[in-house]
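Residue numbers (the working numbering): 4 to 172.
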């Protein structure tokens with residue numbers, strides 16, 4: 004149970020990020036989107052239980068990876084959340100290639116899209132918000148921005164890193 008509490012922020016960041024991506028396509032009704040987010044949260048908590056070691060964040064890293072690409076067209080937890088919420092997987096409108104690494108204290112995303120929306124905690128409230136970053140990128144390049152979350156506050160900086168980290172402390 005204690006590990007479940009520890010992974011709550013990281014899972015919330017993943018779900019918020021994916022929810023924002025899905026909203027961009029505007030194919031999923033608000034009620035279904037909210038149910039999808041709830042079901043995905045539960046699916047990820049159940050999957051990560053027993054594979055969450057804060058003392059060794061890299062342990063279980065591949066198991067906690069959410070990946071969609073030409074070789075992995077469907078992620079099982081995303082499929083489960085879709086099934087349980089009545090959302091058609093294709094309506095998610097995810098990029099053709101996206102990877103999310105969910106580790107204790109950090110969530111990173113890498114994708115081949117030119118828009119990056121990252122969830123973070125506002126400095127005034129305990130609510131998740133998002134910064135919108137857009138720009139053009141080469142077809143083969145990755146658009147990313149690091150985001151650090153400390154004590155549920157954030158600082159956003161632009162960078163050229165290969166991943167987009169959300170760091171919790």
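Cβ coordinates follow ideal geometry from the N, Cα and C atoms, glycine included.
Taking every protein chain shown into account, the CB of residue 22 has 16 or more other CB atoms within 10 angstroms, so this residue is buried. Taking every protein chain shown into account, the CB of residue 19 has 16 or more other CB atoms within 10 angstroms, so this residue is buried. In this structure the stretch 25 to 40 does not touch the stretch 69 to 78; the number of beta carbon pairs closer than 8 Å is below three. Note that the C-beta distance between residue 14 and residue 48 is below 8 Å.
A check of alpha carbon separations from residue 59 across 108, 115 and 113 identifies 108 as the nearest. Rounded to the nearest whole angstrom, the CA to CA distance from residue 53 to residue 66 is 11 Å. In the three-state reduction of the DSSP assignment, residue 106 falls in the strand class, which pools E and B.
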